[in-house]
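To keep things clear, I will list the structure first and then write my remarks on it.
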Amino acid sequence: MLAIPTPASSPLLCTRLPRAPTASTSSADASPSLRRTVTHTTLLPPTPIVHASQRLQLSIHAPATRLLNDIAPVFPSIINTQSQARPFLVLPVMFPTVHDLVASGADVDRERDDVLEAFVAFGHELARRVRAKADACGAAGDDWWFDFTDPASGYPMLTAPGPSLYPDVHGAQALLRYDVMNVGCCKVLLHPTWGSKVYPATCFSTAPASVLVECIADLIVANE
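So, in C-alpha coordinates, the structure goes:
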(Lines of atoms letter the chains of each structure in order from A and count residues from 1; the text may use other names and numbers.)
(Lines give C-alpha, C1' and ligand atoms only; values in the text may rest on other atoms or scores of the structure.)
Protein backbone atom coordinates (compact mmCIF):
# COMPACT_ATOMS: atom_id res chain seq x y z
CA MET A 1 0.00 0.00 0.00
CA LEU A 2 1.14 3.52 -0.74
CA ALA A 3 1.72 5.35 2.53
CA ILE A 4 3.08 8.67 3.74
CA PRO A 5 3.06 10.47 7.10
CA THR A 6 -0.34 12.02 7.79
CA PRO A 7 -0.20 15.24 9.83
CA ALA A 8 -2.73 15.53 12.60
CA SER A 9 -3.15 19.26 11.98
CA SER A 10 -4.63 19.07 8.46
CA PRO A 11 -8.19 20.44 8.79
CA LEU A 12 -9.42 19.16 5.42
CA LEU A 13 -8.30 15.54 5.52
CA CYS A 14 -11.28 13.17 5.46
CA THR A 15 -9.43 9.87 5.50
CA ARG A 16 -6.01 8.95 6.78
CA LEU A 17 -3.36 6.55 5.54
CA PRO A 18 -0.97 4.59 7.75
CA ARG A 19 2.11 6.52 8.81
CA ALA A 20 5.39 5.58 7.24
CA PRO A 21 8.89 6.95 7.83
CA THR A 22 10.46 9.23 5.23
CA ALA A 23 13.86 10.76 4.79
CA SER A 24 12.43 14.25 4.65
CA THR A 25 13.63 17.20 6.69
CA SER A 26 10.35 19.12 6.62
CA SER A 27 6.76 18.51 5.49
CA ALA A 28 4.55 20.67 3.31
CA ASP A 29 1.54 19.27 5.19
CA ALA A 30 3.03 19.97 8.62
CA SER A 31 2.32 23.69 8.86
CA PRO A 32 -0.32 26.05 7.47
CA SER A 33 2.38 28.59 6.65
CA LEU A 34 5.24 28.31 4.20
CA ARG A 35 8.55 27.31 5.72
CA ARG A 36 11.80 28.35 4.14
CA THR A 37 13.53 25.08 3.32
CA VAL A 38 16.83 24.45 1.60
CA THR A 39 16.19 20.77 0.86
CA HIS A 40 13.34 19.10 -0.96
CA THR A 41 11.02 16.76 0.92
CA THR A 42 10.16 13.41 -0.64
CA LEU A 43 6.67 12.42 0.49
CA LEU A 44 6.27 9.48 -1.89
CA PRO A 45 9.42 7.95 -3.41
CA PRO A 46 9.47 6.97 -7.10
CA THR A 47 6.70 4.41 -7.44
CA PRO A 48 5.82 2.34 -10.54
CA ILE A 49 2.15 2.28 -11.52
CA VAL A 50 0.10 1.42 -14.59
CA HIS A 51 -2.55 3.65 -16.15
CA ALA A 52 -4.49 2.59 -19.22
CA SER A 53 -1.93 -0.18 -19.89
CA GLN A 54 0.87 2.42 -19.85
CA ARG A 55 3.69 1.96 -17.35
CA LEU A 56 4.89 5.06 -15.55
CA GLN A 57 6.73 6.16 -12.43
CA LEU A 58 5.39 8.80 -10.07
CA SER A 59 6.66 10.48 -6.90
CA ILE A 60 5.53 13.36 -4.65
CA HIS A 61 7.77 16.13 -3.34
CA ALA A 62 7.50 19.34 -1.36
CA PRO A 63 9.97 21.61 -3.18
CA ALA A 64 12.57 23.64 -1.36
CA THR A 65 12.05 27.38 -1.27
CA ARG A 66 14.38 28.11 -4.17
CA LEU A 67 12.60 25.73 -6.53
CA LEU A 68 9.20 26.95 -5.32
CA ASN A 69 10.28 30.50 -6.18
CA ASP A 70 11.21 29.26 -9.67
CA ILE A 71 7.80 27.59 -10.08
CA ALA A 72 5.80 30.59 -8.81
CA PRO A 73 5.79 32.47 -12.18
CA VAL A 74 4.39 29.35 -13.84
CA PHE A 75 1.33 29.45 -11.54
CA PRO A 76 1.13 33.05 -10.27
CA SER A 77 -2.55 32.70 -9.35
CA ILE A 78 -1.75 29.71 -7.11
CA ILE A 79 1.65 30.36 -5.51
CA ASN A 80 2.30 33.36 -3.28
CA THR A 81 5.92 33.04 -2.16
CA GLN A 82 5.43 35.69 0.52
CA SER A 83 2.42 34.14 2.24
CA GLN A 84 1.81 30.67 0.88
CA ALA A 85 -0.89 29.28 3.16
CA ARG A 86 -1.26 25.93 1.40
CA PRO A 87 1.17 23.12 0.70
CA PHE A 88 2.46 23.09 -2.86
CA LEU A 89 3.53 19.69 -4.09
CA VAL A 90 5.29 18.58 -7.26
CA LEU A 91 4.69 15.16 -8.82
CA PRO A 92 7.34 14.20 -11.40
CA VAL A 93 5.95 11.58 -13.78
CA MET A 94 8.30 9.39 -15.83
CA PHE A 95 7.29 7.26 -18.81
CA PRO A 96 9.69 4.60 -20.14
CA THR A 97 10.03 4.68 -23.91
CA VAL A 98 11.05 2.16 -26.55
CA HIS A 99 13.12 4.67 -28.48
CA ASP A 100 15.89 6.86 -27.23
CA LEU A 101 14.19 10.25 -27.32
CA VAL A 102 17.55 11.93 -27.93
CA ALA A 103 17.28 10.52 -31.46
CA SER A 104 15.05 11.83 -34.22
CA GLY A 105 12.90 10.26 -36.87
CA ALA A 106 9.31 9.33 -37.63
CA ASP A 107 9.18 6.48 -35.09
CA VAL A 108 10.62 8.64 -32.31
CA ASP A 109 8.21 11.48 -33.10
CA ARG A 110 5.28 9.06 -33.13
CA GLU A 111 6.21 7.59 -29.75
CA ARG A 112 6.75 11.05 -28.29
CA ASP A 113 3.24 12.03 -29.39
CA ASP A 114 1.77 8.78 -28.03
CA VAL A 115 3.40 9.24 -24.62
CA LEU A 116 2.31 12.88 -24.47
CA GLU A 117 -1.25 11.74 -25.13
CA ALA A 118 -0.93 9.09 -22.39
CA PHE A 119 0.34 11.68 -19.91
CA VAL A 120 -2.47 14.13 -20.70
CA ALA A 121 -5.01 11.35 -20.14
CA PHE A 122 -3.32 10.44 -16.86
CA GLY A 123 -3.22 14.09 -15.73
CA HIS A 124 -6.91 14.60 -16.45
CA GLU A 125 -7.81 11.37 -14.64
CA LEU A 126 -5.81 12.27 -11.54
CA ALA A 127 -7.23 15.81 -11.59
CA ARG A 128 -10.74 14.35 -11.74
CA ARG A 129 -10.07 12.12 -8.76
CA VAL A 130 -8.61 14.98 -6.71
CA ARG A 131 -11.65 17.15 -7.48
CA ALA A 132 -14.00 14.32 -6.51
CA LYS A 133 -12.13 13.83 -3.23
CA ALA A 134 -12.27 17.58 -2.59
CA ASP A 135 -16.02 17.65 -3.19
CA ALA A 136 -16.53 14.65 -0.91
CA CYS A 137 -14.50 16.29 1.86
CA GLY A 138 -15.96 19.76 1.42
CA ALA A 139 -12.69 21.40 0.41
CA ALA A 140 -13.40 24.93 -0.79
CA GLY A 141 -12.22 26.65 -3.94
CA ASP A 142 -8.59 26.02 -4.84
CA ASP A 143 -7.65 24.43 -1.50
CA TRP A 144 -7.17 21.13 -3.32
CA TRP A 145 -6.06 22.53 -6.66
CA PHE A 146 -4.43 20.20 -9.19
CA ASP A 147 -2.82 20.84 -12.57
CA PHE A 148 -0.17 19.50 -14.91
CA THR A 149 2.02 21.17 -17.50
CA ASP A 150 2.28 20.31 -21.17
CA PRO A 151 5.77 18.78 -21.56
CA ALA A 152 5.90 20.04 -25.13
CA SER A 153 5.34 23.69 -24.19
CA GLY A 154 5.81 24.01 -20.43
CA TYR A 155 2.42 25.74 -20.05
CA PRO A 156 -0.24 24.68 -17.50
CA MET A 157 -3.07 22.61 -18.90
CA LEU A 158 -5.87 23.62 -16.51
CA THR A 159 -4.79 26.96 -15.02
CA ALA A 160 -4.22 30.37 -16.61
CA PRO A 161 -0.54 30.48 -17.62
CA GLY A 162 1.96 32.82 -16.05
CA PRO A 163 5.02 34.48 -17.57
CA SER A 164 7.28 31.42 -17.12
CA LEU A 165 7.30 27.85 -18.39
CA TYR A 166 8.00 24.76 -16.29
CA PRO A 167 11.12 22.79 -17.32
CA ASP A 168 10.41 19.11 -16.60
CA VAL A 169 14.04 18.06 -16.91
CA HIS A 170 15.30 20.70 -14.48
CA GLY A 171 12.54 19.87 -12.00
CA ALA A 172 13.25 16.14 -12.12
CA GLN A 173 16.97 16.76 -11.77
CA ALA A 174 16.39 18.91 -8.68
CA LEU A 175 13.80 16.71 -6.97
CA LEU A 176 15.02 13.24 -7.92
CA ARG A 177 18.75 13.96 -8.26
CA TYR A 178 18.80 12.33 -11.68
CA ASP A 179 21.70 12.99 -14.02
CA VAL A 180 21.30 14.97 -17.21
CA MET A 181 23.37 15.23 -20.35
CA ASN A 182 23.73 18.08 -22.80
CA VAL A 183 22.59 17.44 -26.35
CA GLY A 184 23.18 20.57 -28.38
CA CYS A 185 21.39 23.38 -26.59
CA CYS A 186 19.08 21.00 -24.69
CA LYS A 187 19.40 18.98 -21.50
CA VAL A 188 18.26 15.36 -21.58
CA LEU A 189 17.23 13.53 -18.41
CA LEU A 190 18.94 10.24 -17.60
CA HIS A 191 16.75 7.85 -15.62
CA PRO A 192 18.76 5.50 -13.36
CA THR A 193 17.12 2.45 -15.00
CA TRP A 194 15.92 3.61 -18.40
CA GLY A 195 18.71 6.01 -19.27
CA SER A 196 17.63 8.50 -21.92
CA LYS A 197 14.71 6.26 -22.93
CA VAL A 198 12.40 8.28 -20.71
CA TYR A 199 9.72 10.92 -21.19
CA PRO A 200 9.52 13.28 -18.20
CA ALA A 201 6.35 15.18 -17.28
CA THR A 202 5.02 16.86 -14.14
CA CYS A 203 1.85 17.36 -12.11
CA PHE A 204 1.30 19.88 -9.31
CA SER A 205 -1.15 20.17 -6.43
CA THR A 206 -2.07 22.01 -3.24
CA ALA A 207 -4.00 19.01 -1.91
CA PRO A 208 -2.54 17.22 1.13
CA ALA A 209 -0.04 14.59 0.06
CA SER A 210 -2.06 11.90 1.80
CA VAL A 211 -5.06 12.77 -0.38
CA LEU A 212 -2.92 12.52 -3.50
CA VAL A 213 -1.65 9.12 -2.39
CA GLU A 214 -5.23 7.94 -1.86
CA CYS A 215 -6.19 9.14 -5.34
CA ILE A 216 -3.17 7.37 -6.84
CA ALA A 217 -4.00 4.19 -4.92
CA ASP A 218 -7.60 4.34 -6.20
CA LEU A 219 -6.27 4.82 -9.72
CA ILE A 220 -4.01 1.77 -9.35
CA VAL A 221 -6.95 -0.36 -8.22
CA ALA A 222 -9.08 0.90 -11.11
CA ASN A 223 -6.40 -0.19 -13.59
CA GLU A 224 -5.82 -3.68 -12.17
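So that you can map any letter, position 172 of the sequence shown is 161 in the numbering used here, and since no number is skipped, the others follow by simple counting. Ideal Cβ positions, reconstructed from N, Cα and C, are used throughout, including at glycine.
{"Check": "Inter-residue spacing [alpha-carbon to alpha-carbon] between T86 and L80", "Outcome": "19 angstroms"}
{"Check": "P37 beta carbon near the ligand ADP (any heavy atom closer than 7 angstroms)", "Outcome": "This structure simply doesn't include the ligand ADP, nor any ligand for that matter."}
{"Check": "Sheet register partners of A175 (DSSP bridge)", "Outcome": "Reading off the sequence shown, one finds Cys at residue 175, where the question assumed Ala. BP columns for C175 point to V172."}
{"Check": "Among G173, C174, Y144, T182, the one whose alpha carbon lies nearest that of Y167", "Outcome": "T182"}
{"Check": "Strand pairing of P44, partner residues [DSSP]", "Outcome": "Before going on, a small fix: residue 44 reads as Arg here, not Pro. BP columns for R44 point to V39."}
{"Check": "Buried or exposed (CB count within 10 angstroms, at least 16 for buried), D124", "Outcome": "exposed"}
{"Check": "Where T11 falls: helix, strand or coil (DSSP)", "Outcome": "Reliability fails at T11, whose pLDDT of 38 lies under 50, so the model's placement of it is uncertain and the value that follows must be treated cautiously. Of the three classes helix, strand and coil, the one that applies to T11 here is coil, per DSSP."}
{"Check": "L147 classed as buried or exposed, judged by whether at least 16 other C-beta atoms fall within 10 angstroms", "Outcome": "exposed"}
{"Check": "Inter-residue Cα distance where the pair is Q162 and D96", "Outcome": "27 angstroms"}
{"Check": "L208 vs I49 beta-carbon contact at 8 angstroms", "Outcome": "no"}
{"Check": "Check whether A190 and L78 have beta carbons under 8 angstroms apart", "Outcome": "no"}
{"Check": "Beta-carbon proximity list for V91, same chain, < 7 angstroms, skipping 5 on both sides", "Outcome": "V172, V177, S185"}
{"Check": "Cα-Cα separation between I205 and E213, rounded to whole angstroms", "Outcome": "13 angstroms"}
{"Check": "Helix, strand or coil at L154 according to DSSP, with G and I counted as helix", "Outcome": "coil"}
{"Check": "Cutoff 6 angstroms; reference P145; Cβ partners in own chain excluding five residues on either side", "Outcome": "D136, T138"}
{"Check": "Nearest candidate by alpha-carbon position, reference L56, set D157, H88, A41, L105", "Outcome": "D157"}
{"Check": "Per-residue burial, V210 [other beta carbons within 10 Å of its own, 16 or more giving buried]", "Outcome": "exposed"}
{"Check": "Identified DSSP bridge partners for F135", "Outcome": "S194"}
{"Check": "Where G112 falls: helix, strand or coil (DSSP)", "Outcome": "helix"}
{"Check": "H180, DSSP secondary structure in three states", "Outcome": "strand"}
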